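The next block holds one structure in the form of structure tokens; read it before the comments.
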Amino acid sequence: MTFTFDVPFTDTRTHADGEPPMTCEIPDPGSYSVLPSIIGTGSGDPYPLYGWLRAHRPLCRDASGVWLASSHALVTRILDDARFSARPPPGTEPLDDPLGYASMVVFQTGEAHERLRRFLGPLFSRKALVSLQAFIDDEVARLVDQCEHLPRFDLVANIASVLPVRTICRLLGFPDAHGASYLEASAGAWQLISGAPMSAAEHALAAMHTEAFLAQVESFMRAIDPHAAPDHAASRFLRLEQEGGIGRREMLVNILFLFIAGYGTTLLSIGNSVAALLREPRAWQALKDDVALVPQAVRELYRYDPAVQSVFRYAWDDVEIDGCRIRRGERVMPLIGSANRDPAVFAAPDEICFEREAGRSLTFGAGPHSCMGLALARMQLESLLRALTRRMPDLRLAPGQQARQQHGSFHGYDRLVVER
Ligand code: HEM
1 MTFTFDVPFT DTRTHADGEP PMTCEIPDPG SYSVLPSIIG TGSGDPYPLY GWLRAHRPLC
61 RDASGVWLAS SHALVTRILD DARFSARPPP GTEPLDDPLG YASMVVFQTG EAHERLRRFL
121 GPLFSRKALV SLQAFIDDEV ARLVDQCEHL PRFDLVANIA SVLPVRTICR LLGFPDAHGA
181 SYLEASAGAW QLISGAPMSA AEHALAAMHT EAFLAQVESF MRAIDPHAAP DHAASRFLRL
241 EQEGGIGRRE MLVNILFLFI AGYGTTLLSI GNSVAALLRE PRAWQALKDD VALVPQAVRE
301 LYRYDPAVQS VFRYAWDDVE IDGCRIRRGE RVMPLIGSAN RDPAVFAAPD EICFEREAGR
361 SLTFGAGPHS CMGLALARMQ LESLLRALTR RMPDLRLAPG QQARQQHGSF HGYDRLVVER
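Per UniProt numbering, the sequence shown starts with residue 1, numbered consecutively.
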């Protein structure tokens, strides 16, 4: 495929000897931002652009002022580097956070971040996950039962958007019956965290819905006796609050984060993975022939088209990388989706290959903020693929029914119609 693209970047590389920025052949520096192609709201395919960036400007400053890192090496390095944080450094851009969302674990830094991770760790312990396996398998069986008699159904509406919500409610101890209403109520928070462009009115509405969701969570928490069910996730939060280890607002926004991180990403990942698999008949056949391939298939499908395509970081110091000087307070966007297709790390990266051994997928991030729910997300897709290969072996995509959407940093299918 040939990809032509107007060169849209400012190049602020400096010579190693500290001379002024190199002149480069960029026709229109600073006037063209590619951010809308990467974290927009349309149905654009970002992979050709990533390929161009990796080949020509693996680290470059977009006209919006945001640095884009597209190679695997750079994305890994930035995610691992403590000089980059998910929140701006003190004294630079004032933190616009009237609602206190910055106390979510993903935006925390240093000791506060480590403390929260330590506290959340037991929710994702091996023991906790093993106890969820039977629940997930039962849910998958129930959802597949409901679709089995249908000649055609929307896999997102019927399976991908139900399983992760039920799973995360179970993990957090939320009443199952409230899953659908929590899902609806948390849509605003999902929008806010996605980085998708929003008008002031949309922003205000999303914030209002988020507050309503937090109020629901709070009323649920109030009804819990933290000593009656000590292992219950909500009880652990409440005990920590009573001991003075967490404030009420911090507790609520972290529960909110777990909820949206737990369902939204998994929902999109299931759709992306099933779509990719059904588009590749050889891979789908291989899985049906040998179900033991499921765990490695899940790893590869998650690499191939990750739901979280990018994350944001701020430089806390002036940092020199790859001949570029990123100044304190500037924003950097490690492009996970691009890193996962870097040919320097993955041979034939645009192909699905279950036998891949080399290369570390960055789908779940890297460094101090790497995903805590990785195993849980894998368990859900593994369980679903086992069920689909066995019970719906003739499954295929319905022609012309799929549009992969960008919701800011999150990419995936709002609808995935399949037929048999
Ligand atoms: C396939 C599904 C999932 C994907 C693609 C995914 C992806 C990610 C990524 C890329 C990050 C790093 C964010 C950053 O560095 O800024 C992250 C963090 C996180 N994820 Fe996931 N995630 C998934 C499922 C889950 C699930 C099921 C949970 C469970 C509730 C979860 C909980 C978290 C938490 C708590 C963090 C924050 C860790 C921290 O800041 O220290 N994720 N996830």
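Think of the CB as a built atom: it goes at the ideal place given N, C-alpha and C, for glycine as much as any other residue.
On a predicted model such as this, the values are computed, not experimentally measured, just so you know.
Would residue i pass as a contact of residue j if the rule is Cβ separation under 7 Å?
i: D342; j: H149; result: no
i: residue 435; j: D305; result: The chain is shown only over 1 to 420; residue 435 falls outside these bounds and no answer can be derived.
i: S194; j: S409; result: yes
i: F84; j: R360; result: no
i: L382; j: V274; result: For the sequence presented, residue 382 should be read as Glu rather than Leu. Not in contact: E382 and V274 (Cβ atoms no closer than 7 Å).
i: G40; j: R249; result: no
i: R303; j: A315; result: no
i: I260; j: S186; result: yes
i: L155; j: V418; result: yes
i: T389; j: L301; result: no
i: I136; j: G262; result: no
i: A102; j: R87; result: yes
i: G412; j: G188; result: no
i: A82; j: S33; result: no
i: V294; j: L385; result: yes
i: A196; j: H407; result: yes
Using DSSP's beta-bridge definition, name the partner residues of residue i.
i: L59; result: A69
i: D154; result: V417
i: F259; result: None; F259 has no bridge partner.
i: G412; result: Q405
i: L385; result: Answer by DSSP bridge pairing: none, since L385 is not bridged.
i: R248; result: Bridge partners of R248: none, in fact.
i: P122; result: DSSP output for P122 lists no bridge partner at all.
i: P334; result: A69
i: L214; result: Bridge partners of L214: none, in fact.
Keeping to the same chain, check which residues put their C-beta closer than 7 Å to that of residue i; ignore five residues upstream and five downstream.
i: S37; result: G44, P46 and L49
i: M104; result: V253, N254 and F257
i: L79; result: P334, G365, A366 and G367
i: P151; result: E419 and R420
i: R378; result: V298
Kindly list the residues whose CB is nearer than 8 Å to the CB of residue i, restricted to its own chain and excluding five residues on each side of it in sequence; keep chain order.
i: R415; result: D154, V156, A157, Q401, Q402 and A403
i: E202; result: Q191
i: F220; result: F174, P175, H178 and A234
i: G65; result: E330 and R331
To which residues of the same chain is residue i closer than 6 Å at the C-beta, ignoring the five residues directly before and after it?
i: F346; result: G359
i: P226; result: S235, L238 and R239
Quiz item: Taking contact to mean at least 3 C-beta pairs separated by less than 8 Å, is the stretch 362 to 375 in contact with the stretch 279 to 290?
Solution: no
Practice problem: Tell me, please, whether the stretch 147 to 167 touches the stretch 247 to 266 by the rule of three or more beta-carbon pairs shorter than 8 Å. | Solution: Yes, since at least three Cβ pairs between the stretch 147 to 167 and the stretch 247 to 266 fall closer than 8 Å, the two stretches touch.
Quiz item: With contact counted as at least three CB pairs below 8 Å, one residue from each stretch, are the stretch 351 to 360 and the stretch 234 to 247 in contact?
Solution: no
Practice problem: Say whether the stretch 111 to 120 touches the stretch 349 to 356, bearing in mind that this needs 3 or more beta-carbon pairs closer than 8 Å, one atom from each stretch. | Solution: no
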